[in-house]
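Everything on this sheet refers to the single structure shown next.
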Amino acid sequence: MSTENEGTPVPPAPSAPPVPVASPAASPQAAPPAGNAPTAPIPPVPQGAPGAPEHDGAPAAYASAGPSGGASAPGPAPDGSWPPPPPATPSYADGGAGAGSGWGSSWQQPAPKPRNGRGGIVAAVLAAALVAGGLGGGLGYTLAKNNDDTGSTTVSATDNGSASQVKRSPGTIAAVAAKALPSTVTIEAEGASGQGGTGTGFVFDTQGHIVTNNHVVAEAVGGGKLTATFPSGKKYDAEVVGHAQGYDVAVIKLKNAPSDLKPLALGDSDKVAVGDETIAIGAPFGLSNTVTTGIISAKNRPVASSDGSASSKASYMSALQTDASINPGNSGGPLLDAGGAVIGINSAIQSSSSGGLGGSGQSGSIGLGFAIPINQAKYVAQQLIKTGQPVYAKIGASVSLEDTTDGAKITDQGTSGSAAVEAGGPAAKAGLKPGDVITKLDDTVIDSGPTLIGEIWTHKPGDKVTITYERGGQEHTVQLALGSREGDS
Numbered sequence: 003m004s005t006e007n008e009g010t011p012v013p014p015a016p017s018a019p020p021v022p023v024a025s026p027a028a029s030p031q032a033a034p035p036a037g038n039a040p041t042a043p044i045p046p047v048p049q050g051a052p053g054a055p056e057h058d059g060a061p062a063a064y065a066s067a068g069p070s071g072g073a074s075a076p077g078p079a080p081d082g083s084w085p086p087p088p089p090a091t092p093s094y095a096d097g098g099a100g101a102g103s104g105w106g107s108s109w110q111q112p113a114p115k116p117r118n119g120r121g122g123i124v125a126a127v128l129a130a131a132l133v134a135g136g137l138g139g140g141l142g143y144t145l146a147k148n149n150d151d152t153g154s155t156t157v158s159a160t161d162n163g164s165a166s167q168v169k170r171s172p173g174t175i176a177a178v179a180a181k182a183l184p185s186t187v188t189i190e191a192e193g194a195s196g197q198g199g200t201g202t203g204f205v206f207d208t209q210g211h212i213v214t215n216n217h218v219v220a221e222a223v224g225g226g227k228l229t230a231t232f233p234s235g236k237k238y239d240a241e242v243v244g245h246a247q248g249y250d251v252a253v254i255k256l257k258n259a260p261s262d263l264k265p266l267a268l269g270d271s272d273k274v275a276v277g278d279e280t281i282a283i284g285a286p287f288g289l290s291n292t293v294t295t296g297i298i299s300a301k302n303r304p305v306a307s308s309d310g311s312a313s314s315k316a317s318y319m320s321a322l323q324t325d326a327s328i329n330p331g332n333s334g335g336p337l338l339d340a341g342g343a344v345i346g347i348n349s350a351i352q353s354s355s356s357g358g359l360g361g362s363g364q365s366g367s368i369g370l371g372f373a374i375p376i377n378q379a380k381y382v383a384q385q386l387i388k389t390g391q392p393v394y395a396k397i398g399a400s401v402s403l404e405d406t407t408d409g410a411k412i413t414d415q416g417t418s419g420s421a422a423v424e425a426g427g428p429a430a431k432a433g434l435k436p437g438d439v440i441t442k443l444d445d446t447v448i449d450s451g452p453t454l455i456g457e458i459w460t461h462k463p464g465d466k467v468t469i470t471y472e473r474g475g476q477e478h479t480v481q482l483a484l485g486s487r488e489g490d491s
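In the numbering used here, the protein residues as written are 3 to 491.
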């Protein structure tokens, strides 16, 4: 779900999230570039290899509203270095100032202050619509008045007060939105060069920590400017506390945070079921405090993305898929359940094209949005608040990112000539060797390297998992304890 990234489109390569199948030989999945992430070093995406979860070749992008870097061609061969080269796939779904496109469609977010006139065009369109609406209303009233007669049978509703006095049941969408909106913010990130974009975030705790996507704030890391604006209009300067490129999660903190902050309640993403109602809040195309609804259309969707630039690092997730409308600028915003609890962080969208509103080049929602499960995001956010650095689980092996449906193959060589299987690492202790093809992690079918990476990252270091792999035509099963790697570099 190109969760709202605006910017250069992702390089041509399947970017739609791969669909897990019942067997290793399931449909092909786009494999995004990875690094030493979940598995030891992750090789760069080979030429033509899927860099993101797209089956139809339509690039996925970040769901943020901000400019993105230029697309770059996929790497030549599997390389275990981290950060991995940008996958030619989905883009981030926000309009933040972070990297370029990612899941769903190229990541392009509307800049906080439109510098290319896009914002002006949108505003002009809205203004024209309002003027036209006002004119039509005026004419309609005049005609109705001139043709009024005593035989009218119309009935007017009794005016019992303003609309704000209408009471809505706790379970209604209106009630959930009214309660959640005051705890969401529109984030504006601006880099030292003046480039930036907008995205969304939500209140995580009473100390002023706001959770969002890494690509929303990436532009402001290392000297940029960040602001967070609440629906009430109150704006606060903020600073980045920590960010995790691989997870696409970041935490910022409000400066001079108010004492009346109300954190959003966090749900349990493991208990979410396909068909459950969803409510997304964000700033699509810069339109802050927008609420959309839908359902969970799929779970555990392997998604990989980057902004397509040469310096970009890939992000991976086993996402919640929703058809709630998500567009550039929604990135980092909360995906709520029917009770108003956060079950995910909107991050990317799948788009059918890179076209956009008014020819701006921004892609829009086609009903395929992806959110980072809140159980994973909560763990990452707490780690960032505590140490400022992300911690990734790993098996200690470099896997191929080539387009395949047969599983995740351990490469013959790691990054820069290093060993494909890390000496003394989890994979080595379990007896895994170069050439082995991993087909399952616990009960989850693994059809590609990116799928394996995203699945490993749903776990914590030290977790014990069961690996099913094939060697010489024979299937084997082994249990191992996941290792850890700190930081994105």
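Glycine is no exception: its CB is placed at the ideal position from the N, C-alpha and C atoms.
Do residue i and residue j have their C-beta atoms within less than 8 Å of each other?
i: residue 250; j: residue 387; result: no
i: residue 325; j: residue 299; result: yes
i: residue 390; j: residue 480; result: no
i: residue 322; j: residue 296; result: no
i: residue 304; j: residue 453; result: yes
i: residue 451; j: residue 402; result: yes
i: residue 448; j: residue 428; result: no
i: residue 470; j: residue 477; result: yes
i: residue 318; j: residue 248; result: yes
i: residue 168; j: residue 232; result: no
i: residue 414; j: residue 437; result: yes
Decide if residue i is buried, meaning its Cβ has at least 16 other Cβ atoms within 10 Å, or exposed.
i: residue 490; result: buried
i: residue 393; result: buried
i: residue 275; result: exposed
i: residue 174; result: exposed
i: residue 113; result: Annotation note: pLDDT 43 at residue 113 (below 50); position unreliable, coordinate value reported separately. Residue 113 is buried by the Cβ-count criterion.
i: residue 260; result: exposed
i: residue 273; result: exposed
i: residue 306; result: buried
i: residue 425; result: exposed
i: residue 475; result: exposed
i: residue 195; result: exposed
i: residue 193; result: buried
i: residue 214; result: buried
i: residue 258; result: exposed
i: residue 466; result: exposed
i: residue 132; result: Since pLDDT at residue 132 reaches only 36, below the 50 mark, its modelled position is unreliable, and no value is offered.
i: residue 262; result: exposed
i: residue 236; result: exposed
i: residue 199; result: buried
i: residue 331; result: buried
Once the 5 residues before and after residue i are set aside, which same chain residues still bring their CB inside 6 Å of it?
i: residue 141; result: Unreliable positioning characterises residue 141 in this predicted model, as indicated by a pLDDT of 37, which lies under 50. The coordinate reading is nonetheless provided below. Contacts found: none.
i: residue 457; result: 320, 443, 446
i: residue 294; result: 282, 326, 327
i: residue 227; result: 192
i: residue 378; result: 460
i: residue 252; result: 214, 216, 219, 245
Measure how close the beta-carbons of residue i and residue j come, nearest whole angstrom, since I'm counting them as under 8 Å.
i: residue 246; j: residue 382; result: 6 Å
i: residue 349; j: residue 372; result: 6 Å
i: residue 185; j: residue 205; result: 4 Å
i: residue 412; j: residue 435; result: 7 Å
i: residue 441; j: residue 404; result: Going by Cβ atoms, the distance from residue 441 to residue 404 rounds to 15 Å, so no, they are not a contact pair.
i: residue 182; j: residue 342; result: 6 Å
i: residue 482; j: residue 395; result: Rounded, the Cβ-Cβ distance is 11 Å, inconsistent with contact.
i: residue 208; j: residue 265; result: 6 Å
i: residue 329; j: residue 290; result: Rounded, the Cβ-Cβ distance is 13 Å, inconsistent with contact.
Only counting the same chain, and skipping five residues up and downstream in sequence, which positions put a Cβ closer than 7 Å to that of residue i?
i: residue 256; result: 210, 212, 230, 238, 240
i: residue 170; result: 176, 177
i: residue 385; result: 392, 393
i: residue 225; result: 194
i: residue 488; result: 391, 393
i: residue 277; result: 297, 298
i: residue 369; result: 325
Excluding the five sequence neighbours on either side, which residues of its own chain have a C-beta within less than 8 Å of the C-beta of residue i, listed in chain order?
i: residue 344; result: 204, 266, 267, 268, 269, 336, 337, 338, 376
Meets three-Cβ-pair contact criterion under 8 Å: the stretch 459–466 and the stretch 418–435:
The stretch 459–466 vs the stretch 418–435: no contact.
With a threshold of 8 Å, are at least 3 pairs of Cβ atoms found where one atom belongs to the stretch 255–275 and the other to the stretch 215–224?
Here the stretch 255–275 does not lie against the stretch 215–224, with fewer than 3 beta-carbon pairs under 8 Å apart.
With a threshold of 8 Å, are at least 3 pairs of Cβ atoms found where one atom belongs to the stretch 281–288 and the other to the stretch 330–337?
The count of Cβ pairs closer than 8 Å, one atom from the stretch 281–288 and one from the stretch 330–337, reaches three, so the stretches are in contact.
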